[in-house]
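Take the sequence shown: its position 59, counted from the start at 1, is 59 in the UniProt record's numbering, and no numbers get skipped.
Taking it in order: structure first as structure tokens, then the write-up.
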Amino acid sequence: MADVGVPHFQNDIGAPSIRIGAKELMCIGANPPFDHPHVFLDMGDDNEIICGYCSTLFKYDPSLHGSETVPPGCAYETPKAA
């Protein structure tokens, strides 16, 4: 099964908010093994949402694309199997 469509984000740096270019996302908290349960978040008609596990505030920014984040480096990429 391919893991496509919903971008995953992490907050290892402890930023109070992260600007992203998606309204549907998966929050994993921090990079494994320090992650929390991976939760699907949907902003719907709003432009921001707070993760109930790590309290990260995600803000929609339509000028960002793909895995771009502000601050940079908050997109999580699933490691590829060998």
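All residues carry an ideal CB built from backbone N, CA and C; glycine is no exception.
Just so you know, these numbers come straight off a predicted model, no measurement behind them.
Minimum C-alpha distance to residue i - residue among the options
i: proline 37; options: His8, Lys80, Arg19, Asp45; result: His8
i: leucine 41; options: Gln10, Gly73, Thr78; result: Gln10
i: glycine 14; options: Phe34, Thr56, Asp35, Asp45; result: Thr56
i: arginine 19; options: Val39, Pro72, Ala81, Cys51; result: Pro72
i: glycine 66; options: Glu24, Cys51, Pro32; result: Glu24
Beta-ladder partner(s) of residue i, from DSSP
i: leucine 25; result: Leu41
i: leucine 57; result: Ser17, Ile50
Distance between beta carbons of residue j and residue i, contact taken as under 8 Å
i: glutamate 48; j: phenylalanine 34; result: Actually they do not touch by this definition, with Cβ atoms about 24 Å apart.
i: aspartate 61; j: glycine 29; result: Aspartate 61 to glycine 29, Cβ: 21 Å. No contact.
As assigned by DSSP and simplified to three states, the class of residue i
i: methionine 1; result: Low per-residue confidence applies at methionine 1: pLDDT is 39, beneath 50, and the placement is therefore not dependable enough to give any value.
i: threonine 78; result: coil
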